[in-house]
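As structure tokens, the structure follows; a few thoughts come after it.
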Amino acid sequence: DRARKISLHAKALDPMLQDEAGGKLDKVSDEVKRIYDKWTDDHGTQLVFLDRGIPKSAGDKRILHEYDALKAKADKALADNNEDAYKAASDKLDKYDTADIEAMRIANAGGWSAYQHIKDNLIKQGIPENEIAFIHSYNTPAQKTSLFAKVNDGEIRVLIGSTPRMGAGTNVQERLVALHHVDATWKPSDIEQREGRIIRQGNSLYDKYGSDFEVEIMAYVTERTVDAKLWSLNSTKLAMINAVRNYGGQFEMTFDDNDS
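Residue 1 is where the sequence shown starts when you use UniProt numbering, and the numbers rise one by one after that.
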């Protein structure tokens, strides 16, 4: 955890440290602004994926309370050897993403937010605040529907969120021109889920420009940190997955699991 914080920003490790110019988050902000300016006439939109340094949101305490209550029920049922009660609580717990819950706890404990850092940078560079949104600020289905409509209309042009919050069901592809991986996940399926938001049909700018239209997908790596290792692990795991997917039975397959 410490290594991943260092790869993101020094303030993720200690909010009291001085800001560092030219780090990963500054590069992300610069690239978002470059693409924002390039696609201003078409109101091109961008997704920024980051699973750490999330902001606090109004519904966090309720979600954490519900999760903790279910966890307590599951633990009690297990101690009482009540199989039915344990299964009922466990089934409900499965609907929560544990990584998202942990990130939420960190955000609500106070301190520095990478999301806010990026947003502040973008505002300083001239992007209006009302054109930048955090997915974590939209919790109900109605709120998300309204948010997605604003992104598809180009009213909100930069949407920042985590893999669990901005995965399946985030249908905002109509004006997407870029996707940014600020951090790496542990699973190739998460990377595919992220990129599935932009590599899909229904982009009005493709309809407008045809084969001349291309989207940008960028991944950011801080030198001499765990970033490169995480992306390398994803590449190795994906190669194994694709080998299994395309396996025709012609030969024996063996895998070394040292990196797992």
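Just so you know, even glycine gets a beta-carbon here, dropped at the ideal spot from N, CA and C.
One or two residues paired with residue i in a DSSP bridge
| i | result |
| --- | --- |
| Q46 | V158, A178 |
| F134 | I160 |
Same chain only: Cβ atoms within 6 angstroms of residue i, ignoring 5 sequence neighbours per side
| i | result |
| --- | --- |
| Q201 | none |
| D100 | P164 |
| L179 | L47, I198, I217 |
| S7 | T222, T225, V226, D227 |
| Q18 | none |
| T170 | R197 |
| A149 | none |
| K24 | Y220, T222 |
Nonlocal neighbours in the same chain, by C-beta distance under 7 angstroms from residue i, ignoring five residues either side
| i | result |
| --- | --- |
| A89 | L70, K73, A74, A77 |
| I123 | E129 |
| Q116 | P55 |
| S29 | I118, N121, L122, Q125 |
Top-ranked residue by Cα proximity to residue i, from the options
| i | options | result |
| --- | --- | --- |
| D60 | Y220, V172, I127, E102 | E102 |
| L233 | P188, L205, G196, G210 | P188 |
| V177 | N171, D190, N203, T170 | N203 |
| D26 | N121, T45, E174 | N121 |
| D190 | A142, R62, W231 | W231 |
| G53 | K33, K150, A114, K24 | A114 |
| D68 | D94, G44, H43 | D94 |
| N152 | G23, T40, K144, Q173 | Q173 |
| I127 | W39, G23, R175 | W39 |
Where residue i falls: helix, strand or coil (DSSP)
| i | result |
| --- | --- |
| F148 | helix |
| E31 | helix |
| A219 | strand |
| residue 299 | In the structure as shown, the chain starts at 1 and stops at 260, and residue 299 therefore has no counterpart that could be examined. |
| I199 | coil |
| K71 | helix |
| residue 305 | No statement about residue 305 is possible, as the shown extent of the chain runs from 1 to 260 and does not include it. |
| I118 | helix |
| A21 | coil |
| T236 | helix |
| P55 | coil |
| T225 | coil |
| W231 | helix |
| M104 | helix |
| R62 | helix |
| S113 | coil |
Residues near residue i by beta carbon distance below 8 angstroms, same chain, minus five either side
| i | result |
| --- | --- |
| M166 | L47, F49, I135, L159, R194, R197 |
| D91 | none |
| H181 | F49, I191, R194, I217, M218, A219, Y220 |
| L64 | I101, M104, R105, N108 |
Contact test: residue i Cβ vs the ligand NAP heavy atom, cutoff 7 angstroms
| i | result |
| --- | --- |
| W186 | The ligand NAP is absent from the structure shown, which contains no ligands of any kind. |
Please determine if the stretch 118 to 135 and the stretch 150 to 167 are in contact, where contact requires at least 3 C-beta pairs separated by less than 8 angstroms. yes
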